[in-house]
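Enquirer: Structure incoming, see below.
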Amino acid sequence: GQSLEQPSEVTAVEGAIVQINCTYQTSGFYGLSWYQQHDGGAPTFLSYNALDGLEETGRFSSFLSRSDSYGYLLLQELQMKDSASYFCAVLGNYGGATNKLIFGTGTLLAVQP
Amino acid sequence: KAGVTQTPRYLIKTRGQQVTLSCSPISGHRSVSWYQQTPGQGLQFLFEYFSETQRNKGNFPGRFSGRQFSNSRSEMNVSTLELGDSALYLCASSLFPSEETQYFGPGTRLLVL
Numbered sequence: 001g002q003s004l005e006q007p008s009e010v011t012a013v014e015g016a017i018v019q020i021n022c023t024y025q026t027s028g029f030y031g032l033s034w035y036q037q038h039d040g041g042a043p044t045f046l047s048y049n050a051l052d053g054l055e056e057t058g059r060f061s062s063f064l065s066r067s068d069s070y071g072y073l074l075l076q077e078l079q080m081k082d083s084a085s086y087f088c089a090v091l092g093n094y095g096g097a098t099n100k101l102i103f104g105t106g107t108l109l110a111v112q113p
Numbered sequence: 114k115a116g117v118t119q120t121p122r123y124l125i126k127t128r129g130q131q132v133t134l135s136c137s138p139i140s141g142h143r144s145v146s147w148y149q150q151t152p153g154q155g156l157q158f159l160f161e162y163f164s165e166t167q168r169n170k171g172n173f174p175g176r177f178s179g180r181q182f183s184n185s186r187s188e189m190n191v192s193t194l195e196l197g198d199s200a201l202y203l204c205a206s207s208l209f210p211s212e213e214t215q216y217f218g219p220g221t222r223l224l225v226l
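Right, here's the structure in full:
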């Protein structure tokens with residue numbers, strides 16, 4: 001089977017740095033994605049790591065360690081608009097004709113002034 | 114380019130009824146995936162369609178079905194609705210199957226009474 005674990009809630013202040021961790025157990029692993037979802041909105045793609053290491057996109061960075069089945073999303077210079085739910089998602093093959101994304105249950109980030 | 118559209122946005126049904134939800138992908142995208150989102154459960158994969166064929170399926174009962182048309186538009190159907198089917202149903206599109214970057218629609222919020 002497959003499972004992903006991430007914290008349910010994280011609180012941080014404006015301007016700070018926050019790290020959201022994700023550990024996974026899965027077979028046929030291809031990569032780890034991160035999505036952001038504002039309350040009432042659609043999930044939007046943030047980043048994807050297929051290889052070990054850090055990927056940086058502006059204020060957001062994502063890290064993957066395949067040997068540890070672990071990744072994280074790092075948000076720097078937090079802004080109020082970063083308050084949202086963040087989902088990690090594993091792209092893997094689970095016996096179907098195609099790979100599929102399996103999502104974690106999400107981390108609700110609250111940014112306080 | 115227009116994003117993914119879903120209709121209707123909100124729906125109220127009673128137990129035992131059936132419902133059909135519609136999704137129009139981004140123009141040129143040929144793969145459509147469906148997810149169910151409930152509080153505390155994250156996004157759970159329902160199925161993926163590509164070229165009018167179901168390529169992958171999640172662990173949902175047979176009451177949940179879908180199809181894709183030649184213009185890539187997709188529908189999902191839930192028969193014999195149960196209270197537990199109340200959820201946000203999200204559709205996502207991508208150029209091809211198995212892509213880590215999926216573009217989500219705003220979802221259809223279904224309430225079963």
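Chains as they are written, first to last, in the numbering used here: chain A, 1 to 113; chain B, 114 to 226. By construction, the Cβ of each residue, glycine as well, lies at the ideal position given by its N, Cα and C atoms.
Using the beta-carbon of each residue, which ones in chain A are nearer than 8 angstroms to Thr120 (chain B)?
Expert: What Thr120 (chain B) touches in chain A: nothing, since even the nearest Cβ is about 14 angstroms away.
Enquirer: Can the beta-carbon of Ala89 (chain A) be found less than 9 angstroms from the beta-carbon of Leu109 (chain A)?
Expert: In this structure, Leu109 (chain A) does not lie closer than 9 angstroms to Ala89 (chain A) by Cβ.
Enquirer: Helix, strand or coil: which one does DSSP assign to Gly106 (chain A)?
Expert: Gly106 (chain A) falls in the coil class under three-state DSSP.
Enquirer: Among B:Leu226, B:Leu224 and B:Pro219, which residue has its Cα nearest to the Cα of Thr44 (chain A)?
Expert: Of the listed residues, the one whose Cα sits closest to Thr44 (chain A) is B:Pro219.
Enquirer: Mapping the DSSP letters down to three states, classify Leu196 (chain B) as helix, strand or coil.
Expert: Helix at Leu196 (chain B).
Enquirer: Residues of chain B with CB under 8 angstroms from Tyr72 (chain A), in chain order?
Expert: The contacting residues do not exist; Tyr72 (chain A) stays about 17 angstroms from chain B at best.
Enquirer: Starting from the C-beta of Ser183 (chain B), find all residues in its chain whose C-beta is less than 7 angstroms away, skip the five residues before and the five after it, and write them out in chain order.
Expert: Counting only Cβ-Cβ distances below 7 angstroms, and skipping sequence neighbours, we find Glu165.
Enquirer: Do Phe129 (chain A) and Leu156 (chain B) have their CB atoms nearer than 9 angstroms?
Expert: There is simply no residue 129 (chain A) to check, as chain A begins at 1 and stops at 113 in what is shown.
Enquirer: What first and last residue would you give for the beta strand (DSSP E) that runs through Glu77 (chain A)?
Expert: Premise fails: Glu77 (chain A) is in no beta strand (DSSP E) and is neither H nor E.
Enquirer: Taking only the alpha-carbon atoms, compute the straight-line gap between Lys170 (chain B) and Pro113 (chain A) and give it to the nearest angstrom.
Expert: For Lys170 (chain B) and Pro113 (chain A), the distance between alpha carbons rounds to 43 angstroms.
Enquirer: What whole-angstrom Cβ distance do Ala200 (chain B) and Leu223 (chain B) have, given they're in contact under 8 angstroms?
Expert: Right, their Cβ atoms sit about 6 angstroms apart.
Enquirer: Would a check of beta-carbon distances place Gln181 (chain B) closer than 9 angstroms to chain A?
Expert: Cβ-Cβ to chain A under 9 angstroms: no for Gln181 (chain B).
Enquirer: Cβ atoms of Val18 (chain A) and Leu74 (chain A): under 9 angstroms apart, would you say?
Expert: Contact flag set, yes.
Enquirer: Any beta carbon of chain B sitting closer than 9 angstroms to that of Phe103 (chain A)?
Expert: Closer than 9 angstroms: yes.
Enquirer: Kindly indicate if chain A contains any beta-carbon less than 9 angstroms away from that of Leu223 (chain B).
Expert: Closer than 9 angstroms: no.
Enquirer: I want to check one thing, is the minimum distance from the CB of Glu213 (chain B) to the heavy atoms of the ligand COA below 8 angstroms?
Expert: Of ligands this structure carries none, so the ligand COA is not represented either.
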